[in-house]
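Below you'll find the structure, written out as structure tokens, and then a few comments.
Numbering (the numbering used here), first residue to last: 134 to 273.
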């Protein structure tokens, strides 16, 4: 069984589970607290009520949502650095981030960063205040 991490879902070929990817650090042993130390992990949060994530990851699926306040948490799976799936899930997270950056750059008119867009706006504002510039605000 091969598990594939896609942009908005995880699949094993038969079952498709919609997820949110959340990389970060967590205490592997919550009872030990800070003494146990923080470890890197990726948490996959289920996005649907179909329990499909639990079908794919039956051995590590966590669903401790039993209150009305747990409405938005349908279950989760944690993948730690020592897991063979960790490089694949981190590659998917990097690809999602690159796609998001590309989309945002397109929204900014092709500028690679918000700082570049602001610099362009500052330069244009400076040109508009130059009295020698034909399109200036104070040109007579």
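Cβ atoms here follow ideal geometry from the backbone N, Cα and C, with glycine treated the same way.
Item: Let me check understanding here. Comparing Cα to Cα, which of 252, 150, 154 lies closest to residue 316?; Value: Residue coverage of the chain in this structure runs from 134 to 273, which leaves residue 316 outside it and unanswerable.
Item: For residue 159, count neighbouring Cβ atoms within 10 angstroms of its own Cβ and tell me buried if that reaches 16, exposed if not.; Value: exposed
Item: Where residue 257 and residue 263 are concerned, what is the direct C-alpha to C-alpha distance, given to the nearest angstrom?; Value: 10 Å
Item: Determine the closest residue to residue 148 out of 140, 188, 181, with distance taken between C-alpha atoms.; Value: 188
Item: Would you call the CB atoms of residue 135 and residue 173 closer than 9 Å?; Value: no
Item: Quick one: Cα of residue 179 to Cα of residue 259, how far?; Value: 50 Å
Item: Suppose you measure from the CA of residue 219 to the CA of residue 176; what does that come to, to the nearest Å?; Value: 11 Å
Item: Could you work out which residue in 156, 265, 190 is closest to residue 208 when comparing CA atoms only?; Value: 190
Item: What does a CB cutoff of less than 6 Å around residue 239 pick up in its chain, not counting 5 residues either side in sequence?; Value: none
Item: With 16 other CB atoms within 10 Å as the buried threshold, where does residue 150 fall?; Value: buried
Item: Can you name, in chain order, every residue of its own chain whose Cβ lies under 6 Å from the Cβ of residue 211, other than the five neighbours on each side?; Value: 174, 176
Item: May I ask you to report which of helix, strand or coil DSSP gives residue 155?; Value: strand
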